[in-house]
């Protein structure tokens, strides 16, 4: 049984990687969770998960220089597949192999979270959304972030990927988030999973190279991430067909 | 609104208006920037937004398509790029009379918040603003920390179902086109 989520936002700076790891850790209470840095051009999951000196990364796997198993690390109750940060690694990586990586990982886990690039301007950037069963859209309560989030949703649904929900992040205390999230939901195919407050703890965690839920598990932001995980209804597909499903993931014929 | 024609400083296509705001702030430019969306579809054919700056800090905003000024004009401008942006430099004295139009004014950090979606840039902009600007906009910029005015613009954007449908529609047709191009 496996469900693949792409954690996506049209715009950078929304705290997508922090959110991916936090959701992953919160879901790991109930499921076996694998987190993959699918932002192969601007990887930073490794810095969040204390893996900055990881020797083998997704870049090596995508370059066909290593098997997936060599790039998986057990950290903080998660299986983490970090990506490298070198330009050479990015150049040599074949993004199409991500399909096989996901298919292989799908055999061994309940949930895969793909930390996706904050862009829609290239095949590589969009591929994680195509491969995923559903997306979690990370938004800030600002006009640019919401309009970019809408674009992500439309790309996803065009490519037959559903919307699991919205995660408002970096929400300031004075923002009337209830009204904004209620109005935002009218245009999205999924509910608001949680509103995560802007958090000094999250910045500290990032600087310390530790996930927020390990660094400050009781802080308000961490609590909101746990609520988001709770609100996410996981729809696990059958294990048997998982590999085939992702190896053959294509855009629907109707296009 | 009337602004004297300035000296063309830069003219380019940008995908994110944040970059223009950051650049203008960085160079402490006095003058104005004209934003023209490349997606005329979303702007009924002819929408241009104008933002004036004193020492890199936004002062007025006006939108030609909707003839609105101030914070509502920012909402009119807040659509997905790319934009064609022309930046013009002017002497502060030439902007004085235009800057008297109080109804077109915006709090210093608001364009960075709403167009750029970048609270950190908004904070830097507020730091660069004169004390006088901060005092006079204090009342409507409870947005010093986000705030009521700020959110009402997001809500106004969310109330514009037609514009949002246009954004979605455009994204869907892009996604269709690119699926072929990318050979998915």
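Chains as they are written, first to last, in full-length UniProt numbering: chain F, 1 to 255; chain G, 1 to 184.
We treat Cβ as the ideally placed atom computed from N, Cα and C, and that holds for glycine.
Just confirm the distance between the C-beta atoms of residue i and residue j, as a whole number of angstroms; I'd bet it's less than 8 angstroms.
i	j	result
residue 66/F	residue 229/F	Contact doesn't hold; Cβ gap of about 31 angstroms is too wide.
residue 87/G	residue 24/G	7 angstroms
residue 128/G	residue 55/G	7 angstroms
residue 83/G	residue 53/G	With a Cβ gap of about 16 angstroms, residue 83/G and residue 53/G do not count as contacting.
residue 57/F	residue 71/F	5 angstroms
residue 114/G	residue 153/G	6 angstroms
residue 105/F	residue 112/F	6 angstroms
residue 219/F	residue 201/F	4 angstroms
residue 51/F	residue 98/F	Not confirmed; about 19 angstroms, so no contact.
residue 59/F	residue 17/F	Incorrect: roughly 17 angstroms between the Cβ atoms, too far for contact.
residue 22/G	residue 121/G	6 angstroms
residue 194/F	residue 216/F	Not quite, the Cβ-Cβ distance comes to about 16 angstroms (not below 8 angstroms), so this is no contact.
residue 37/F	residue 46/F	7 angstroms
How would you call residue i, buried or exposed, if buried means at least 16 neighbouring beta carbons within 10 angstroms?
i	result
residue 196/F	buried
residue 133/G	buried
residue 14/F	buried
residue 2/G	exposed
residue 4/G	exposed
residue 253/F	A caution first: residue 253/F carries a pLDDT of 49, below 50, which makes its placement in the model too unreliable to give a value.
residue 37/G	buried
residue 55/F	exposed
residue 105/G	buried
residue 125/G	buried
residue 19/F	buried
residue 81/F	buried
residue 183/G	exposed
residue 29/F	exposed
residue 147/F	buried
residue 173/G	exposed
residue 69/F	exposed
residue 175/F	buried
residue 68/G	buried
Per DSSP, what are the beta-bridge partners of residue i in this structure?
i	result
residue 10/G	87/G
residue 37/F	115/F
residue 36/G	48/G, 84/G
residue 3/F	111/F
residue 195/F	168/F
residue 60/G	105/G
residue 139/F	168/F
residue 53/G	31/G, 58/G
residue 162/F	134/F
residue 22/F	Beta-bridge pairing links residue 22/F to no other residue.
Going by the beta-carbon positions, is the gap between residue i and residue j smaller than 9 angstroms?
i	j	result
residue 167/F	residue 192/F	yes
residue 198/F	residue 173/F	yes
residue 100/F	residue 35/F	no
residue 133/F	residue 235/F	yes
residue 171/G	residue 140/F	no
residue 183/F	residue 10/F	no
residue 126/F	residue 159/F	yes
residue 21/F	residue 78/F	yes
residue 164/F	residue 129/F	no
residue 58/G	residue 108/G	yes
residue 41/F	residue 90/F	yes
residue 144/F	residue 117/G	yes
residue 77/G	residue 63/G	yes
residue 85/G	residue 11/G	yes
residue 102/G	residue 31/G	no
residue 51/G	residue 33/G	yes
residue 232/F	residue 221/F	no
residue 107/F	residue 32/F	no
residue 161/F	residue 135/F	yes
Hey, is residue i close to the ligand FAD, as in C-beta under 8 angstroms from one of its heavy atoms?
i	result
residue 136/F	No copy of the ligand FAD occurs in the structure displayed, which carries no ligand at all.
Please go through the region 57 to 99 of chain F and give each complete beta strand (DSSP E) segment of 3 or more residues, from N-terminal end onward.
73 to 75, 78 to 81
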